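*Asks:* Which chain is which? The protein sequence lines are A and B, in order.
The numbering of the first sequence is this note's numbering, which starts it at 24 and goes up by one.
The numbering of the second sequence is this note's numbering, which starts it at 24 and goes up by one.
Number of protein chains: 2
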Amino acid sequence: MAPRSGTRPFSQKTITDVAQRAGVSISTVSRVINQSAPVSSNLENKVKAAIAELDYRPQTAARALAGQKTHTIGLLLAEIGTDFYPLMIRAIEAEARKNHFNLLINVAGDDTSIEGEIPYTLGEYNSDGVLVFPASLSDDELYRMHLNNFPVVLVQRRPPAGLEFPCITIENKLPARKMVDHLIEVHGFRRIAFLSGLADHEDARRREQGYHESLESHGIPYDPTIVAQGYFQKQASQDAVCEWITAGFEFDAIFACDDISAIGALSALNRAGLNVPNDVAVVGFDDIEVSRFLSPPLTTVKVPIQEIGRAAIQQLLAFMNGEVPDMCTHFETELVIRRSCGCR
Amino acid sequence: MAPRSGTRPFSQKTITDVAQRAGVSISTVSRVINQSAPVSSNLENKVKAAIAELDYRPQTAARALAGQKTHTIGLLLAEIGTDFYPLMIRAIEAEARKNHFNLLINVAGDDTSIEGEIPYTLGEYNSDGVLVFPASLSDDELYRMHLNNFPVVLVQRRPPAGLEFPCITIENKLPARKMVDHLIEVHGFRRIAFLSGLADHEDARRREQGYHESLESHGIPYDPTIVAQGYFQKQASQDAVCEWITAGFEFDAIFACDDISAIGALSALNRAGLNVPNDVAVVGFDDIEVSRFLSPPLTTVKVPIQEIGRAAIQQLLAFMNGEVPDMCTHFETELVIRRSCGCR
DNA sequence: AACGCTTTCGAAAGCGCTTTCATAGCATAC
DNA sequence: GTATGCTATGAAAGCGCTTTCGAAAGCGTT
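1. Give me the residue from A:Leu77, A:Ala227 and A:Thr37 with the minimum Cα distance to A:Cys280.
2. On the CB-based measure, 16 or more other CB atoms within 10 Å of its CB, does A:Thr269 come out buried or exposed?
3. Could you tell me which uninterrupted beta strand (DSSP E) segments, each at least 3 residues in length, are contained entirely in the segment 145-194 of chain B, listed from first to last along the chain?
4. Smallest Cα separation from A:Ala263: which of A:Glu239, A:Leu292 and A:Met350?
5. If you run the structure through DSSP and keep just helix, strand and coil, what is A:Asp309?
6. At a cut of 8 Å, does the segment 358-365 of chain B reach the segment 285-301 of chain B through at least three beta carbon pairs?
7. Going by DSSP in three states, B:Glu355 sits in which element: helix, strand or coil?
8. Taking only the alpha-carbon atoms, compute the straight-line gap between B:Phe278 and B:Thr356 and give it to the nearest angstrom.
9. Check the Cβ-Cβ distances between B:Arg54 and every residue of chain A, and say whether any is below 8 Å.
10. Measuring only between beta-carbons, confirm whether A:Gly146 sits less than 8 Å from chain B.
11. Count Cβ pairs between the segment 188-201 of chain A and the segment 331-339 of chain A that sit closer than 8 Å; are there 3 or more?
12. What's the gap between the Cα of A:Asp163 and the Cα of A:His224?
13. List the endpoints of the continuous beta strand (DSSP E) containing B:Gly97.
14. Rounded to a whole number of angstroms, what is the C-alpha to C-alpha distance between A:Gly211 and A:Ser240?
15. Is DSSP giving A:Lys36 helix, strand or coil here?
16. Taking the alpha carbon of A:Asn125 as the point to measure from, which residue in B:Ala119, B:Thr95 and B:Gln43 has its own alpha carbon closest?
17. Mind the definition here: the segment 170-184 of chain B touches the segment 323-336 of chain B only if three or more C-beta pairs lie below 8 Å; say whether that holds.
18. Identify the residues that DSSP records as bridge partners of A:Val250: which are they?
19. Among B:Gln256, B:Ile283 and B:Ala276, which one has its Cα closest to the Cα of B:His205?
20. Give me whichever residues DSSP pairs with B:Val130 in a beta bridge.
21. Quick one: does A:Val313 have its CB under 8 Å from some CB of chain B?
22. Helix, strand or coil: which one does DSSP assign to A:Ile268?
23. May I ask you to list the residues that DSSP assigns as paired with B:Phe278?
24. Distance cutoff 8 Å, beta carbons only. Does B:Gly287 sit that close to anything in chain A?
25. To the nearest angstrom, how far is it from the Cα of B:Phe255 to the Cα of B:Val155?
26. Between which two residues does the beta strand (DSSP E) carrying A:Lys325 extend?
27. So A:Ala131 packs on A:Leu99, CB below 8 Å; how close in whole Å?
28. Can you check whether the CB of A:Thr105 is closer than 8 Å to the CB of A:Ile283?
29. Taking only beta-carbon atoms, is A:Glu116 less than 8 Å away from chain B?
30. Going along the chain, which residues of its own chain have a beta-carbon closer than 7 Å to the beta-carbon of A:Ile311, five neighbours each way excluded?
31. Between the segment 233-252 of chain B and the segment 214-223 of chain B, do at least 3 Cβ pairs fall closer than 8 Å?
32. I want to see whether chain A comes within less than 8 Å of B:Leu66, judged by CB atoms only; does it?
33. How long is the line joining the alpha carbons of A:Leu317 and A:Lys196, rounded to whole angstroms?
34. What's the C-alpha gap between A:Val347 and B:Phe308?
35. Given this structure, state the Cα-to-Cα distance separating B:Pro109 from B:Ser314, to the nearest angstrom.
36. Taking just the CA atoms, how far does A:Gln58 sit from A:Arg44?
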């Protein structure tokens, strides 16, 4: 009966089955599913009944091929293990599903791609648009997508020179500066260490600038011995701070360029028997979920993670619909003073 | 030239373009791409050159439709915001991509599904198999998939009665019991509080059983006043412990059924000015990434999160290939003694 | 009753691929 | 030289949908 049966080990209902059962043509079934054209309520009910009885669901591949849209949004991340993304992805997923889009996830970096093979990532051949996070996609690929007029929204990242993509950014420099100002002005610290992020991460660079500017405006000389790379990683940050301690470097506060690094710093201090904030103050950036539950609760900068995710999808959807998206959606961030800086 | 051109705002190369450029038929191109049949090296090189020149990538939708497989694996989660999943997903993603599969992610719970609409989740119509996590899919849906012989692997969850699915499980009861034993035998605690997880989470239930068994075997009466629901959430756990404290309940240790809850407990204790482990010991379960960086480092049970993820994909792939998968892959877990229990 | 107009529906084409099937080409055996 | 078996290749069918197009049906008007 079914030609080529058995290619799939499991049976699949098709639109033809539904049409037969409802006594209509497949066009009509398609129309009630997609509400793409008026159907008399009589037939509509019959079709709906048939769909329910068969528990029919359209095959997305066939839909995508015929309709020339995949109903899928791609997510290009560099790293998912970090504690920053889960909340973001959750917001993105919710927003995508609300708009009836699927989410395809791709973590760059763990590169298993073999030379000569067709690259196996995300793009116009498997999604209608992608959200690109920092360090996940080369400028070359971005350029290619731009040429193809493929919808891309950059998150926490600005387009490379010459390309125009909508992007979602946050305020980094000013709050970083304010944070260091706070350390200096309110608490009187002068020896403020810094844990930097990744070199190709724009947010991290801007936060570092804020650190520099604050020091400078207070006449505090920049001391590279108490600046280290935290790489957005707990372990690396902990190691760096441990080294400072064993080397005997003096510092009365640490500004970590993200909360992950701050956690590493906290841990190093704790191991060394140093009290936070009495012996050394620690502050971070991002306000990830765990930060307010740390001991002591972390003073940090609140980044509206979920709003960013939601905005990213909304901009992408607008782009995909041919609307003109905001080329730059900028979110403000604000200091959250808790106890790790010495307040209270 | 191209009929219906412009349905997509961006141009797409097709296999026909490649074939023309290489001067061969599309069958040959397909064979080169999929290595599904021998092609003379002469033509193979021409085709590969044409693919490279055009930067061609096959459309997944057409591939899926013609080949009757989507090359996509679905992930059905109840919650992605928890700190447990990122590492798991990362391992899953890496393993999936190594096998040339895409990952479609679906977070249940934030249910936007409208009555009467076709449910918009994962299944045989958009993936070749799914990984089902606890609390993400109803038994009814599982039953339906089983009927359709659709490949499913359950992670941290056993199949409902009557259904056979491969599943990945971990050892819960014994290590939980050992953990409480440790608290009692090594540290001499008798008043051990418990933060439970979600009722429909098997791991959580088994951990609770281990807690009960340990108490019982040491002749310690079960006291429900110092048992509360932590819901795998930091905030809920913190609230619960705060309540115990303000109510004046006595306890010298807290066994949290996962590390997230332990973090909430730690936070509550810290806020109340109580020292861990001197005033109250805290232990958890899972050994999530942050646990060793807490102050103090958390004594917990190490769950091989990444191995679980890898095994889940491997079992699913085996299942999808028609091989007989192990119906139950069981992972051992081990106590990780750090400082929050009072050791050292 | 005949006409035009609108609305509803089905037939059929086609989306870009995989795969079957037939054939052309070639080497080997008689 | 013909019969035989193999391999490499192309033509064409078809995967399950969406969408166009034309026909049929309904309806109001003359």
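Built from N, CA and C at the ideal position, the CB exists for glycine as well.
Here the structure is a predicted model, which means the values were calculated and not measured.
*Replies:* Looking at the coordinates:
1. Looking up residue 280 of chain A in the first sequence gives position 257. When only C-alpha atoms are compared, the closest one is A:Ala227.
2. One-based indexing of the first sequence puts residue 269 of chain A at position 246. By the neighbour-count rule (16 or more Cβ atoms within 10 Å), A:Thr269 is not buried but exposed.
3. 152-155, 175-178 and 190-193
4. Position 240 of the first sequence holds residue 263 of chain A. Selected option, being the one with the closest Cα: A:Leu292.
5. Reading the first sequence from its first residue, position 286 is the one you call residue 309 of chain A. Residue state, collapsed to three classes: strand.
6. yes
7. Along the second sequence, read from residue 1 onward, the residue named residue 355 of chain B stands at position 332. DSSP places B:Glu355 in coil when its eight states are reduced to three.
8. By 1-based counting over the second sequence, the position of residue 278 of chain B is 255. By 1-based counting over the second sequence, the position of residue 356 of chain B is 333. Cα to Cα, B:Phe278 sits roughly 16 Å from B:Thr356.
9. One-based indexing of the second sequence puts residue 54 of chain B at position 31. No, B:Arg54 lies away from the interface with chain A (no Cβ there is under 8 Å from its Cβ).
10. The residue given as residue 146 of chain A occupies position 123 in the first sequence. At least one chain B Cβ lies under 8 Å of A:Gly146.
11. yes
12. Your numbering for residue 163 of chain A matches position 140 in the first sequence. Your numbering for residue 224 of chain A matches position 201 in the first sequence. Cα to Cα, the separation comes out at about 17 Å.
13. Against the second sequence, residue 97 of chain B aligns to sequence position 74. Counting along the chain, the beta strand (DSSP E) containing B:Gly97 begins and ends at Thr95 to Leu100.
14. Here the question's residue 211 of chain A lines up with position 188 in the first sequence. Here the question's residue 240 of chain A lines up with position 217 in the first sequence. Roughly 14 Å separates the two Cα atoms.
15. Here the question's residue 36 of chain A lines up with position 13 in the first sequence. Three-state DSSP puts A:Lys36 in coil, outside helix and strand.
16. As a first step, residue 125 of chain A must be located in the first sequence, where it is residue number 102. Per the Cα distances, B:Thr95.
17. yes
18. Against the first sequence, residue 250 of chain A aligns to sequence position 227. DSSP lists A:Phe217 as partners of A:Val250.
19. Looking up residue 205 of chain B in the second sequence gives position 182. The candidate whose alpha carbon is nearest that of B:His205 is B:Ala276.
20. Working through the second sequence from its first residue, we reach residue 130 of chain B at position 107. Per DSSP, B:Leu100.
21. If you number the first sequence from 1, residue 313 of chain A lands on position 290. Yes, because at least one Cβ of chain B sits closer than 8 Å to the Cβ of A:Val313.
22. Taking the first residue of the first sequence as position 1, residue 268 of chain A is located at position 245. In the structure shown, A:Ile268 sits in a helix (DSSP, three-state: H, G or I).
23. As a working mapping, residue 278 of chain B is identified with position 255 in the second sequence. B:Phe217 and B:Val306, per the DSSP bridge assignment.
24. Counted from its first residue, the second sequence places residue 287 of chain B at position 264. Yes, because at least one Cβ of chain A sits closer than 8 Å to the Cβ of B:Gly287.
25. Taking the second sequence and counting its residues from 1, the one referred to as residue 255 of chain B is at position 232. Taking the second sequence and counting its residues from 1, the one referred to as residue 155 of chain B is at position 132. Computed Cα separation, rounded: 18 Å.
26. Taking the first sequence and counting its residues from 1, one reaches residue 325 of chain A at position 302. Its beta strand (DSSP E) spans residues Thr323 to Lys325.
27. Counting from 1 along the first sequence, the entry for residue 131 of chain A is found at position 108. Counting from 1 along the first sequence, the entry for residue 99 of chain A is found at position 76. That belief holds up - the Cβ atoms of A:Ala131 and A:Leu99 are roughly 6 Å apart, short of 8 Å.
28. Position 260 of the first sequence holds residue 283 of chain A. Position 82 of the first sequence holds residue 105 of chain A. The answer is yes: Cβ separation under 8 Å.
29. What you label residue 116 of chain A is simply residue 93 of the first sequence in a count that begins at 1. Yes, A:Glu116 lies at the interface with chain B (some Cβ there is under 8 Å from its Cβ).
30. The residue given as residue 311 of chain A occupies position 288 in the first sequence. If we look at A:Ile311 and ignore the five residues flanking it on each side, its Cβ neighbours are Asp106, Phe107 and Asp282.
31. yes
32. Locating residue 66 of chain B in the second sequence gives position 43, where the first residue counts as 1. Output row for B:Leu66: interface = no.
33. Indexing the first sequence from 1 puts residue 317 of chain A at position 294. Indexing the first sequence from 1 puts residue 196 of chain A at position 173. Going from the Cα of A:Leu317 to the Cα of A:Lys196 covers about 25 Å.
34. Position 324 of the first sequence, counted from the first residue, corresponds to residue 347 of chain A. Position 285 of the second sequence, counted from the first residue, corresponds to residue 308 of chain B. Taking the straight line from one Cα to the other gives about 49 Å.
35. The sequence position of residue 109 of chain B within the second sequence is 86, counting from 1. The sequence position of residue 314 of chain B within the second sequence is 291, counting from 1. Spanning the two alpha carbons is a distance of roughly 14 Å.
36. Here residue 44 of chain A refers to the residue found at position 21 of the first sequence. Here residue 58 of chain A refers to the residue found at position 35 of the first sequence. Answer to the nearest angstrom: the Cα atoms are 19 Å apart.
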